[in-house]
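According to the working numbering, the sequence shown is numbered sequentially starting from 51.
We treat Cβ as the ideally placed atom computed from N, Cα and C, and that holds for glycine.
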Amino acid sequence: MNDRLTRLRGLLAEQQLDALLVNQGENVRYMSGFTGGSDGVLIVTAERALLATDFRYYEQVRQQAPDWELVQVTGRASAVLAEQLGALGVARVGFERQSLTVETWEQWRAAAPQVQFVGAGGLVEQLRMVKDAGEVALIEEAVRIADEAMGYIYEWLRPGVSEREVAWELEAWMRTHGAEGLSFSTIVASGPNGAMAHAVTSERPIQAGEPVVIDMGARYQGYCSDLTRSFCLGWVSDAYFEAWELVLKAQLAAERAAVAGMTGVALDAVARDMIYAAGYEGKFGHGLGHGVGLAIHEPPRASPVYAETLPAGAVITIEPGVYDPAWGGIRIEDMIVLTEQGCRVLTQVPKLPVIGPF
């Protein structure tokens with residue numbers, strides 16, 4: 051945590067900020083270790099690190115963030131904050147504009163009119179992009195749980211069960227095999243539902259021979275995993291197999307090409323160009339991948355609009371797809387760690403075009 055504070059203070063100096071207020075939940079946890087998220091506000095200066103929260107979390111802060119000064123909030127949070135800023139003698143204070151509501155911002159300004167509040171979003175996220183060895187180990191455990199859950203579903207799934215039953219079976223398996231929860235609501239999309247990249251899991255029974263997309267992830271000690279597999283039940287048509295093989299080839303090509311220092315646009319183009327050249331232009335409408343860590347979607351990204359470079363140590367997804375309302379969709383997703391030499395693929399569960407027979 052001390053190294054994170056040192057790096058954040060370096061960014062504050064670059065931005066010419068006397069202090070930074072951190073209230074975004076994952077950022078609070080990343081910097082301090084406090085898991086109460088947005089129920090705490092961090093005040094970081096060049097010399098001090100304070101954590102303000104109310105009575106519900108005093109003991110939790112003492113246990114989880116012993117190196118941080120606890121500021122006890124007993125009245126209006128904005129008044130306590132103003133008092134602390136006044137005692138610190140700071141004038142130019144950054145706040146996380148991406149997460150702070152207008153109402154809270156107005157309360158802070160009214161309570162501390164002597165302070166110049168400056169929108170400074172993305173500073174902690176900039177640090178979070180590069181995972182340290184401890185973070186990667188936690189993500190790997192979340193990946194392992196999700197991998198094993200998908201392997202279990204390969205054996206468990208039968209025609210006639212509903213999408214919702216599959217989602218519940220996955221959740222129950224992960225929660226009883228080490229996960230503290232889900233990274234996000236599990237997506238199970240069968241038949242034409244698979245054409246919706248973020249379909250809402252329904253009571254629809256899954257039939258033999260139709261395509262299924264399962265997108266799911268486990269959360270372990272705060273860190274997320276993200277995994278998608280697509281397949282048909284029992285048998286597969288030639289047209290589906292052709293599209294499935296294309297998506298797999300595009301994914302593997304992107305994984306071979308992925309290396310720290312390339313832009314998100316360039317990595318996305320590796321898979322997108324292959325899919326579009328095969329006649330599926332317009333049928334792969336989302337980005338190739340996104341960062342994963344304490345949040346399921348975080349920087350950096352691999353997409354047609356992310357021109358920034360991808361740093362070594364970033365953990366991202368590689369998830370090309372093809373979608374058609376006439377029959378459904380295909381998406382295959384792994385998680386990788388970027389290095390200066392290439393990437394290391396974390397996801398290990400097999401990629402199968404068909405499971406069965408039944």
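For the segment 300-308 and the segment 275-289, state whether three or more C-beta atom pairs, one from each stretch, are separated by less than 8 Å.
The segment 300-308, when compared against the segment 275-289, does not touch it at the 8 Å Cβ threshold.
Extract the residue ranges of the beta strand (DSSP E) inside the segment 277-345, only unbroken runs of 3 or more that lie entirely within it.
DSSP runs (the beta strand (DSSP E)) wholly in the segment 277-345: 277-283 and 339-341.
What does the alpha-carbon distance come out to for the pair glutamine 134 and arginine 79?
Cα-Cα distance, rounded: 21 Å.
Going by DSSP in three states, arginine 147 sits in which element: helix, strand or coil?
In the structure shown, arginine 147 sits in coil (DSSP, three-state: anything other than H, G, I, E or B).
Can you name the start and end residues of the alpha helix (DSSP H) that glutamine 113 belongs to?
Start and end: 108-114.
Among the residues of its own chain, which have a CB less than 8 Å from the CB of methionine 312, if the five just before and after it don't count?
Thr359 and Leu360, listed in sequence order.
Hey, serine 235 and arginine 269: beta-carbon distance below 7 Å or not?
For serine 235 and arginine 269, no; Cβs fall outside 7 Å.
Compute the beta-carbon to beta-carbon distance between leucine 220 and isoleucine 203, rounded to the nearest angstrom, for a pair I have assumed lies under 8 Å.
Correct: roughly 6 Å between the Cβ atoms.
Taking just the CA atoms, how far does phenylalanine 167 sit from aspartate 323?
Roughly 44 Å separates the two Cα atoms.
Which same chain residues, not among the five before or five after alanine 258, have their C-beta less than 8 Å away from its C-beta?
Pro209, Leu283, Gly284, Trp285, Gly406 and Phe408.
Between which two residues does the alpha helix (DSSP H) holding aspartate 197 run?
Taken as a continuous stretch (DSSP letters only), the alpha helix (DSSP H) holding aspartate 197 covers 183-206.
So, helix, strand or coil for proline 350, using DSSP?
Proline 350: strand per DSSP, three-state reduction.
Are leucine 388 and alanine 357 closer than 7 Å when you measure CB to CB?
No, Cβ-Cβ distance for leucine 388 and alanine 357 is not below 7 Å.
Using the rule of at least 16 other Cβ atoms within 10 Å of the residue's Cβ for burial, across every protein chain shown, is valine 355 buried or exposed?
Valine 355 is exposed by the Cβ-count criterion.
In this structure, what does DSSP give as the bridge partners for proline 261?
Partner(s): Cys282.
Are glutamine 74 and glutamate 153 close, meaning C-beta to C-beta below 7 Å?
Their beta carbons are not under 7 Å apart, which means glutamine 74 does not touch glutamate 153 by this criterion.
By the 10 Å Cβ neighbour count, where 16 or more other Cβ atoms means buried, how is threonine 278 classified, buried or exposed?
It counts as buried.
Let me make sure I understand the geometry here. Which of Pro370, Pro255, Pro350 and Gly343 has the alpha-carbon closest to that of isoleucine 325?
Of the candidates Pro370, Pro255, Pro350 and Gly343, the one whose C-alpha sits nearest the C-alpha of isoleucine 325 is Pro370.
Beta strand (DSSP E) containing leucine 100: first to last residue?
Counting along the chain, the beta strand (DSSP E) containing leucine 100 begins and ends at 99-104.
Three or more C-beta pairs closer than 8 Å, one from the segment 135-144 and one from the segment 61-75: is that the case here?
Segments in contact, yes.
Would you mind stating whether serine 280 and isoleucine 368 have Cβ atoms separated by less than 7 Å?
No, Cβ-Cβ distance for serine 280 and isoleucine 368 is not below 7 Å.
How many whole angstroms separate the CB atoms of arginine 98 and glutamate 348, which I take to be in contact at a CB cut-off of 8 Å?
Not really, about 27 Å apart at Cβ, beyond 8 Å.
Might you give, ordered along the chain, the residues of its own chain that have their beta carbon closer than 6 Å to the beta carbon of valine 320, omitting 5 neighbours on each side?
Taken in chain order, the residues that qualify are Ala303, Ala304 and Ala307.
Buried or exposed for aspartate 53, going by 16 or more other Cβ atoms inside 10 Å?
So aspartate 53 counts as exposed.
Within a Cβ cutoff of 6 Å, which residues of the same chain sit near glutamine 271, ignoring the five residues on either side of it in sequence?
Closer than 6 Å at Cβ, skipping near neighbours: Leu188.
Run through DSSP, which three-state label would valine 152 get?
Reduced to three states, the DSSP call for valine 152 is helix.
State the Cα-Cα distance for the pair leucine 344 and tyrosine 330, rounded to the nearest angstrom.
Approximately 34 Å, taken between the alpha carbons.
Would you list the residues sitting across from glycine 378 in a DSSP beta bridge?
Its beta-bridge partners are Asp374.
Less than 6 Å between C-beta atoms, sequence neighbours within five positions excluded: which residues of the same chain meet that for glycine 378?
Result list for glycine 378: Gly241, Pro242, Gly244, Ala245 and Pro261, in chain order.
Return the Cβ separation of valine 130 and alanine 102 in integer angstroms, given the expectation that the two are a contact with Cβ distance under 8 Å.
About 6 Å; that satisfies the 8 Å criterion.
Report, in whole angstroms, the separation of the C-beta atoms of alanine 161 and serine 128, which I expect to be a contact under 8 Å.
Their Cβ separation, rounded to whole angstroms, is 4 Å, which keeps alanine 161 and serine 128 in contact under 8 Å.
Compare the Cα-Cα distances from alanine 249 to each of Gly83, Tyr373, Ser82 and Leu58 and report the closest residue.
Answer by Cα proximity: Tyr373.
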